[in-house]
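For reference, the structure is listed below as structure tokens.
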Amino acid sequence: MYRSHVLVCGGTGCTSSGSDRIVRALENNIKSVGLENEVKVIRTGCFGLCALGPIMIIYPEGAFYSRVNVDDVPEIVEEHLLKGRVVKRLLYQETVQEDTVKSLDQTDFYKKQMRVALKNCGVIDPENINEYIAYDGYAALGKVLTEMTPEEVIKTVKDSGLRGRGGGGFLTGQKWSFGAASKADQKYVACNADEGDPGAFMDRSILEGDPHVIIEAMAIAAYAIGANHGFVYIRAEYPIAVQRLQHAIDQAREVGLLGKNILGTGFDFDMELRLGAGAFVCGEETALMTSIDGKRGEPRPRPPFPTTAGIFGKPTVLNNVETYANIILKGAEWFRSIGTEKSKGTKVFALGGKIHNTGLVEVPMGTTLREIVEEIGGGIPGGKKFKAAQTGGPSGGCIPAKYLDVPIDYDNLIEIGSMMGSGGLIIMDEDTCMVDIAKFYLEFTVDESCGKCTPCRVGTKRLYEMLDKISKGQGTMEDLDKMEDLCYYIKENSLCGLGQSAPNPVLSTLKYFRDEYIAHIQDKRCPAGVCKELLQYTIDPQKCRGCTLCAKVCPAGAITGTVKEPHVIDPGKCLKCGACMEKCRFGAIVRK
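Throughout, this note's numbering is defined as the position within the sequence shown, counted from one, plus 8.
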């Protein structure tokens with residue numbers, strides 16, 4: 009029995025910041041003061057507040073230490089663990105109170121969140137099956153196998169209103185009923201862990217922090233549709249998630265929760281991992297299944313749908329990680345009580361970009377963007393103004409400030425020209441160029457297109473070329489109409505979801521930020537000062553002190569002048585690298 013538990017974030021973010029070294033230092037220091045039998049150090053999954061990593065929480069006090077480094081460990085062990093004195097200088101500032109430590113649940117970042125899919129992340133040791141079981145893990149599987157028929161399981165999922173969290177929002181129970189209705193000698197369940205959206209890390213964090221929840225949910229899905237084997241298609245770039253999930257599978261097999269005759273019920277189910285090579289298109293269900301089959305990951309026309317002919321041509325039900333993490337419920341009525349009329353439950357977002365509190369956020373459907381940005385996210389740094397939010401990654405759109413108070417759910421996002429997607433949420437401030445943002449996402453989809461269909465392979469490339477031309481000040485007003493026509497052609501004629509949704513960032517920025525496109529075309533100016541070819545650097549002679557520092561750092565020799573006299577930039581030679589502006593101590597160099 010330990011008197012103190014030290015939880016250290018072992019997610020990818022904190023691990024990259026050195027949390028493994030902190031764990032080793034903790035264990036060594038705890039042993040050196042003779043506390044190894046009183047204090048237990050545990051690596052957990054992500055706590056959510058990634059901007060503050062490495063993170064450590066010590067219980068029973070609940071002291072939340074942020075941005076901890078190895079040099080802080082001796083003080084934490086000596087003061088907190090040995091003498092019982094909280095190290096206030098390392099506390100997350102919002103938790104600091106006069107005599108006590110404020111509960112995390114009462115901080116701005118956490119108090120409006122509701123953790124369902126993330127309920128065990130940052131709470132349990134993901135590599136210890138006993139801790140998962142202690143938090144009611146595998147109880148749902150036991151109930152399903154001993155008390156419910158497959159039909160009752162499907163009805164419960166249908167009644168809950170759970171929609172797929174991987175992009176399109178298809179009703180999960182409906183998909184399962186299609187899989188159950190298909191007749192075949194072999195069926196499969198599969199998990200899409202091929203999370204490839206720029207800035208998205210929700211699924212990775214669930215797998216790193218609570219891998220057994222995916223195993224349990226997939227076993228329930230297999231029982232419901234009559235399958236006995238499962239595949240998790242996971243990115244090889246997620247080494248921690250891969251290692252922990254494989255460890256969890258091995259543990260579940262050892263205790264009889266995977267394999268033959270699970271819990272003595274006669275139900276057989278086992279599963280395996282298949283590593284993806286980083287192809288974004290393999291997030292599309294038919295491309296994913298083709299890759300599992302051992303072929304090049306390309307989508308195929310539908311029908312037949314995967315619930316009829318999926319992996320190896322057999323009926324397959326595929327859901328993504330977050331969808332499965334929602335299956336372990338307290339019942340359909342409880343789940344239906346959360347969210348909006350057509351979007352039930354919660355949604356996990358990877359909050360990033362120009363925001364104070366970057367990290368993982370899980371909120372009830374219907375929470376407004378303003379609540380996420382201003383309250384949970386802590387607002388925009390540097391006193392800048394909110395400009396837009398990108399949801400759904402390359403498949404989504406940019407939401408302008410006028411929609412800050414729209415409740416976020418599947419239907420509302422589609423109505424305003426975006427989509428939920430897997431849950432990336434990138435915040436942009438006034439210094440963001442929307443033409444450049446559209447160009448960034450188009451460049452990504454051009455690179456990730458599998459090339460199988462012409463509308464996507466050629467269409468996205470032509471669309472990118474037009475955006476590139478506009479960003480260089482070489483576009484025409486006719487290009488805007490051509491781009492819009494091409495966007496709709498690509499959407500209507502592409503084979504799979506990658507091509508069908510690729511134009512969304514362009515269409516949404518054209519709709520809400522058309523004035524920026526016009527400024528690039530007519531005024532040859534980037535209002536945000538981002539597009540390099542349209543920038544111009546000048547020196548204000550009233551502020552220039554003639555220190556010559558700017559001339560010394562200019563790689564092109566574009567700056568001339570004598571000591572103690574105002575200098576001048578030759579626009580013909582200027583590379584627009586910004587080195588002079590960075591070095592100027594008097595604010596004399598202006599970029600416009």
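Think of the CB as a built atom: it goes at the ideal place given N, C-alpha and C, for glycine as much as any other residue. For clarity, every value in this text was computed on a predicted model and none was experimentally measured.
Next on the checklist: Going by DSSP in three states, Asn-334 sits in which element: helix, strand or coil?
Outcome noted: Three-state result, Asn-334: coil.
Checklist entry - From which residue to which residue does the alpha helix (DSSP H) around Val-39 run? => result The question names Val, but residue 39 in the sequence shown is Lys. That run of the alpha helix (DSSP H) goes 27–40.
Next on the checklist: Per the DSSP calculation, Cys-17 is bridged to which residue(s)?
Outcome noted: According to DSSP, Cys-17 bridges with Thr-52.
Checklist entry - Among Gly-238, Leu-503, Val-598 and Ala-227, which residue has its Cα nearest to the Cα of Pro-311? => result Comparing Cα positions, the closest option is Leu-503.
Checklist entry - Do Gln-251 and Ile-137 have their C-beta atoms within less than 8 Å of each other? => result It is not a contact, given that the beta carbons lie outside the stated cut-off.
Next on the checklist: Rounding to the nearest angstrom, what Cα-Cα distance links His-575 and Gly-537 in this structure?
Outcome noted: Rounded to the nearest angstrom, the two C-alpha atoms are 22 Å apart.
Item to check | Cβ-based burial, Ala-189 [other Cβ within 10 Å; buried from 16] | outcome: Burial check for Ala-189: the Cβ neighbour count within 10 Å stays below 16, so the residue is exposed.
Next on the checklist: Can you give me the C-alpha to C-alpha distance between Glu-451 and Leu-518, rounded to a whole angstrom?
Outcome noted: Approximately 17 Å between the Cα atoms of the pair.
Item to check | Neighbourhood of Pro-579 by C-beta, 7 Å cutoff - its chain only, sequence neighbours within 5 removed | outcome: Cβ neighbours of Pro-579 beyond the five flanking positions: Gln-544.
Checklist entry - Near Ala-446, what residues of its chain come up, given a Cβ to Cβ distance below 7 Å and the 5 sequence neighbours on each side ignored? => result Correct list, in chain order: Leu-475, Pro-513, Val-514 and Thr-517.
Checklist entry - Going by other Cβ atoms of all chains shown within 10 Å of its Cβ, with 16 needed for buried, is Pro-535 buried or exposed? => result When all chains shown are included, Pro-535 counts as buried.
Checklist entry - Considering only C-alpha positions, which residue in the set Pro-463, Thr-366 and Val-78 is nearest to Val-31? => result When Pro-463, Thr-366 and Val-78 are compared, the shortest CA-CA separation from Val-31 is found for Val-78.
Checklist entry - Thr-298 to Leu-494, Cα distance in whole Å? => result In a straight line, the C-alpha of Thr-298 is about 29 Å away from that of Leu-494.
Checklist entry - Do the CB positions of Arg-212 and Ala-249 come within less than 8 Å of each other? => result Cβ distance < 8 Å, so Arg-212 and Ala-249 count as in contact.
Checklist entry - Along the chain, where does the beta strand (DSSP E) that runs through Ala-285 open and close? => result Element bounds for Ala-285: n/a, residue is neither H nor E.
Checklist entry - Within this structure, are the beta carbons of Ala-358 and Gly-404 separated by less than 8 Å? => result No.
Checklist entry - Per the contact definition of three or more C-beta pairs closer than 8 Å, is the region 434–443 in contact with the region 361–375? => result Contact annotation: the region 361–375 touches the region 434–443, with at least three C-beta pairs closer than 8 Å.
Next on the checklist: Checking 8 Å against the spacing of the C-beta atoms, do Ala-192 and Lys-352 come in under that value?
Outcome noted: No, they are not a contact pair.
Checklist entry - Which residue or residues does DSSP assign as beta-bridge partners of Met-64? => result Looking at the DSSP output, Met-64 bridges to Val-16 and Tyr-73.
Checklist entry - Going by other Cβ atoms of all chains shown within 10 Å of its Cβ, with 16 needed for buried, is Phe-209 buried or exposed? => result Classification of Phe-209: buried, given that the 10 Å Cβ count is 16 or more.
Next on the checklist: Could you check whether the Cβ of Cys-464 sits closer than 8 Å to any Cβ belonging to chain B?
Outcome noted: Given the protein chain composition of this structure (a single chain), no chain B is represented.
Next on the checklist: Can you find the residues in the same chain that come closer than 8 Å, C-beta to C-beta, to Ala-409, ignoring five residues on each side of it along the sequence?
Outcome noted: For Ala-409, the CB contacts under 8 Å within the same chain, skipping 5 residues up- and downstream, are Lys-393, Phe-394, Lys-395 and Ala-396 in chain order.
Checklist entry - Which partner residues of Leu-359 appear in the DSSP bridge assignment? => result Answer is Gly-367 and Leu-433.
Checklist entry - In terms of residue numbering, what span does the beta strand (DSSP E) encompassing Cys-199 cover? => result For Cys-199, the enclosing beta strand (DSSP E) begins and ends at 196–201.
Item to check | Between the CA atoms of Ile-132 and Arg-11 - distance to the nearest angstrom | outcome: Those two C-alpha atoms are separated by around 17 Å.
Checklist entry - Who does Lys-352 pair with in a DSSP beta bridge? => result Looking at the DSSP output, Lys-352 bridges to Gly-347.
Next on the checklist: With DSSP as the reference, identify every bridge partner of Asp-523, one or two as the case may be.
Outcome noted: None; Asp-523 has no bridge partner.
Next on the checklist: Ignoring anything shorter than 3 residues, give me the beta strand (DSSP E) runs that lie fully in the region 190–252, in order along the chain.
Outcome noted: The region 190–252 contains these whole beta strand (DSSP E) runs: 196–201 and 237–243.
Checklist entry - Can you tell me whether Trp-184 is buried or exposed, with buried defined as 16 or more other CB within 10 angstroms of its CB? => result Buried is the call here.
Checklist entry - Taking the DSSP output, what are the residues bridged to Tyr-545? => result Answer is Arg-599.
Item to check | Where Pro-463 falls: helix, strand or coil (DSSP) | outcome: Here Pro-463 sits in helix by DSSP.
Checklist entry - Quick one: any contact between the region 454–464 and the region 300–314, if contact means 3 or more CB pairs under 8 Å? => result By the Cβ test, the region 454–464 is in contact with the region 300–314, since at least three Cβ pairs between them sit closer than 8 Å.
Next on the checklist: Could you compute how far the alpha carbon of Phe-186 sits from the alpha carbon of Glu-216?
Outcome noted: Rounded to the nearest angstrom, the two C-alpha atoms are 31 Å apart.
Checklist entry - Looking only at DSSP bridge pairs, what is Arg-171 linked to? => result Partner residues in the beta bridge of Arg-171, as assigned by DSSP, are Leu-179.
Checklist entry - For Thr-315, which of helix, strand or coil comes out of DSSP? => result Secondary structure at Thr-315: coil, using DSSP grouped into helix, strand and coil.
Next on the checklist: Tell me which residues share the same chain as Cys-562 and place their Cβ nearer than 6 Å to its Cβ, disregarding the 5 neighbours each side in the sequence.
Outcome noted: Counting only Cβ-Cβ distances below 6 Å, and skipping sequence neighbours, we find Cys-588.
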